[in-house]
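To keep things clear, I will list the structure first and then write my remarks on it.
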Amino acid sequence: MRRRHALKMIGLGGAAALLAQNERGEAGSVVPPTASRPEIKVGPVNLSMIEAIDAHTHERPFATASKSNATYAKGFADGALPPQPFLGRDALRDQLIPAFAQHWEQMPPQVGLRNYIGRTYGVEPTRENVDAVIARHRDPTDYYREKMDYERIAAVVLQSESTEPVRPKPLFPDDRFVWTFSIGPLLQPGWAKERGITDIEDYRRALLDVVATCANNGCRGIKLPIAYYRPISFKKVSREDADRALKVAFAAKPSGYIEGRAPVYDDDATTAALWAYEDYLLNALFIQAGKLNLNIVIHVCVALNTLLRADWNDPRGLYSTFTDPDIQRAGTRFVLIHSGYPYHHHVASFISQFPNVYTDLSYVSHHPGTLEEVLRVFLGLAPAEKIMHGSDFSGPEALAYSVDNQRRVLAKVLTDYRSHFGWTDRDCERMARAVLSGTARKVFGIAV
Ligand SMILES: [Zn+2]
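If you're matching positions, the sequence shown starts at 10 in my numbering and goes up one per residue.
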């Protein structure tokens with residue numbers, strides 16, 4: 010299961026997450042004193058002093074930059090090839106890996122991270138120095154705490170890597186995270202078969218039981234990574250049709266698997282059956298999540314990861330979910346993460362239209378140019394109280410670079426509001442506080 014393993018390691022921003030990991034080194038903490046941090050100002054307001062919350066992070070195994078680079082390059086080469094086995098696949102994959110490795114080194118998150126580490130630690134911004142700075146830190150949990158303190162990151166929202174609905178035990182300090190739970194694996198026929206489920210009602214009950222356990226264990230949101238496998242628009246399906254569809258999917262033989270677990274079928278009728286029973290389960294989930302005060306967190310973004318398709322990430326079909334009377338009655342909150350890029354204009358429309366729809370800037374927060382464009386689009390149309398900072402990464406330095414970048418770009422955009430659009434200092438400060446932490450505090454119920 011080499012492919013499965015490689016892809017499990019990488020989320021949208023997982024590659025960079027891996028890069029900014031460490032191994033145990035010789036020296037202790039090297040985090041510079043807080044006093045040395047630069048001011049990032051909008052008029053009299055210093056954004057460096059405003060606390061941040063990272064609304065979307067992952068935890069990955071710690072590894073050197075070189076090791077993580079190799080892992081992500083393999084994952085992206087895999088993702089760039091069809092999920093079905095074919096003659097010569099391994100040779101072609103091996104041919105693609107060096108190109109992906111080189112490509113990643115030149116991407117904005119890597120350039121930005123090297124420069125952030127360079128200016129923060131007073132070293133030349135090279136890959137070798139990034140490795141050396143990271144390797145100086147002995148204890149991962151201390152490293153997280155030091156960097157979070159340095160960049161005033163009060164807490165992170167961590168997506169659990171487990172399929173068990175329990176609070177994870179990550180390397181993050183225990184008092185500095187809340188968690189969400191990914192439901193991707195639970196929607197696949199394999200999960201249901203392993204549990205002896207034979208009909209759609211049993212399946213619905215089993216799924217909602219897991220969700221209820223999540224809520225009891227303090228979970229703050231259910232993550233839908235399904236744009237990696239299928240479209241994110243959901244039809245209303247009757248129980249009878251869903252049951253028939255489940256039986257079709259159970260009986261069919263997949264021709265391959267995406268991410269090692271999401272089945273792919275060669276005929277359209279079986280694919281339609283898979284998506285139909287999933288739609289039935291997801292509509293039930295959306296209502297239940299609202300009742301349990303769990304956010305529904307949906308991946309919407311096409312970038313970096315070669316598995317991501319523009320057609321499957323198109324969010325326009327979510328309109329019918331947002332206007333569904335049962336879902337509206339349940340009061341379910343939706344968080345469309347990674348800004349929806351390149352559909353951020355559609356996401357801006359949704360967050361301006363629906364009080365229960367939010368977005369975060371995770372992953373794009375490592376790209377100053379794109380972040381500026383996306384922030385202008387969102388703030389141009391919707392309240393800052395609908396927008397959250399996030400990183401989508403996991404390494405301490407990458408989390409820190411992401412929020413440093415967020416503050417700088419936010420300051421640039423808000424300075425235009427102050428200098429040219431007539432916004433008051435108080436308006437600008439309110440918007441900065443909302444994007445950096447206030448919205449996430451409210452949406453994810455963070456008290457720490
Ligand atoms: Zn993610």
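Glycine included, C-beta positions come from ideal geometry on N, C-alpha and C. Note that the structure is a prediction, hence the values are computed from the model and not measured.
Residue i versus the options, residue with shortest Cα-Cα distance
| i | options | result |
| --- | --- | --- |
| residue 54 | 405, 317, 440 | 440 |
| residue 9 | 120, 82, 83, 283 | Residue 9 lies beyond the range of the chain shown here (10 to 457); nothing can be said about it. |
| residue 87 | 71, 76, 104 | 104 |
| residue 8 | 85, 408, 263 | With the chain covering 10 to 457 only, the question about residue 8 has no answer from this structure. |
| residue 257 | 283, 112, 213 | 283 |
| residue 250 | 260, 139, 224, 209 | 209 |
| residue 212 | 322, 263, 290 | 290 |
| residue 397 | 225, 452, 116 | 452 |
| residue 248 | 316, 230, 288 | 288 |
| residue 327 | 306, 182, 314, 312 | 306 |
| residue 112 | 71, 329, 312 | 312 |
| residue 197 | 285, 124, 384, 110 | 285 |
| residue 219 | 171, 101, 262, 122 | 171 |
| residue 57 | 455, 456, 445, 454 | 445 |
| residue 195 | 455, 421, 217, 314 | 217 |
| residue 46 | 126, 343, 393 | 126 |
| residue 422 | 117, 382, 434 | 382 |
| residue 334 | 231, 293, 395, 425 | 293 |
| residue 180 | 199, 230, 70 | 70 |
| residue 424 | 400, 385, 395 | 385 |
| residue 122 | 61, 140, 187 | 140 |
| residue 61 | 399, 429, 438, 430 | 399 |
Expected contact under 8 Å - CB spacing of residue i and residue j to nearest Å
| i | j | result |
| --- | --- | --- |
| residue 375 | residue 410 | 7 Å |
| residue 65 | residue 369 | 6 Å |
| residue 360 | residue 331 | Residue 360 to residue 331, Cβ: 11 Å. No contact. |
| residue 59 | residue 427 | The pair is not a contact, with the Cβ atoms about 15 Å apart (cut-off 8 Å). |
| residue 241 | residue 324 | 6 Å |
| residue 83 | residue 106 | 6 Å |
| residue 193 | residue 235 | 6 Å |
| residue 223 | residue 316 | Not confirmed; about 25 Å, so no contact. |
| residue 174 | residue 226 | 6 Å |
| residue 63 | residue 412 | 7 Å |
| residue 301 | residue 221 | 7 Å |
| residue 371 | residue 353 | Between residue 353 and residue 371 the Cβ distance is about 13 Å, and since that is not below 8 Å, they are no contact. |
| residue 168 | residue 189 | 5 Å |
Bridge-paired residues (DSSP) for residue i
| i | result |
| --- | --- |
| residue 167 | 66, 188 |
| residue 343 | 305, 366 |
| residue 54 | 51 |
| residue 5 | This structure gives no information on residue 5, because the portion of the chain shown stretches from 10 to 457. |
| residue 266 | 272 |
| residue 61 | 162 |
| residue 396 | 368 |
Length of the line joining the Cα atoms of residue i and residue j
| i | j | result |
| --- | --- | --- |
| residue 92 | residue 265 | 5 Å |
| residue 449 | residue 166 | 9 Å |
| residue 373 | residue 380 | 6 Å |
| residue 155 | residue 246 | 50 Å |
| residue 377 | residue 150 | 28 Å |
| residue 279 | residue 362 | 35 Å |
| residue 4 | residue 203 | Because the chain spans 10 through 457 in this model, residue 4 falls outside it and cannot be assessed. |
| residue 244 | residue 296 | 14 Å |
| residue 366 | residue 345 | 8 Å |
| residue 391 | residue 185 | 29 Å |
| residue 416 | residue 49 | 7 Å |
| residue 405 | residue 260 | 46 Å |
| residue 137 | residue 402 | 20 Å |
| residue 148 | residue 133 | 24 Å |
| residue 275 | residue 269 | 16 Å |
| residue 145 | residue 130 | 12 Å |
| residue 38 | residue 163 | Low per-residue confidence applies at residue 38: pLDDT is 42, beneath 50, and the placement is therefore not dependable enough to give any value. |
| residue 42 | residue 160 | With a pLDDT of 48 at residue 42, under the threshold of 50, the predicted position of this residue should be treated as unreliable, and no value is reported. |
| residue 81 | residue 254 | 35 Å |
| residue 22 | residue 252 | For residue 22, the predicted model reports a pLDDT of 38, less than 50, meaning its position is unreliable; a value from the coordinates is still stated below. Distance between the alpha carbons of residue 22 and residue 252: 36 Å. |
| residue 238 | residue 321 | 8 Å |
| residue 96 | residue 277 | 24 Å |
| residue 435 | residue 116 | 36 Å |
| residue 31 | residue 340 | Model confidence at residue 31 stands at a pLDDT of 32, short of 50, so the residue's coordinates are unreliable; what they give is reported in the following sentence. Looking at the two C-alpha atoms, the distance is approximately 42 Å. |
| residue 267 | residue 273 | 7 Å |
| residue 17 | residue 207 | With a pLDDT of only 32 at residue 17, under the threshold of 50, the placement of this residue in the model should not be trusted; the figure read from the coordinates follows. Distance between the alpha carbons of residue 17 and residue 207 is about 28 Å. |
| residue 364 | residue 454 | 17 Å |
8 Å Cβ cutoff, residue i in contact with chain C
| i | result |
| --- | --- |
| residue 334 | The question asks about chain C, but that chain is absent: this structure has only one protein chain. |
Tell me the start and end of each unbroken alpha helix (DSSP H) in the segment 70-124 that is at least 4 residues and wholly inside, in chain order.
Whole alpha helix (DSSP H) segments, 4+ residues: 74-88, 98-114.
Entirely within the segment 388-454 and at least 4 residues each: give me those alpha helix (DSSP H) ranges in chain order.
Within the segment 388-454, the alpha helix (DSSP H) runs of at least 4 residues that lie entirely inside it are, in chain order, 405-428, 434-442, 448-452.
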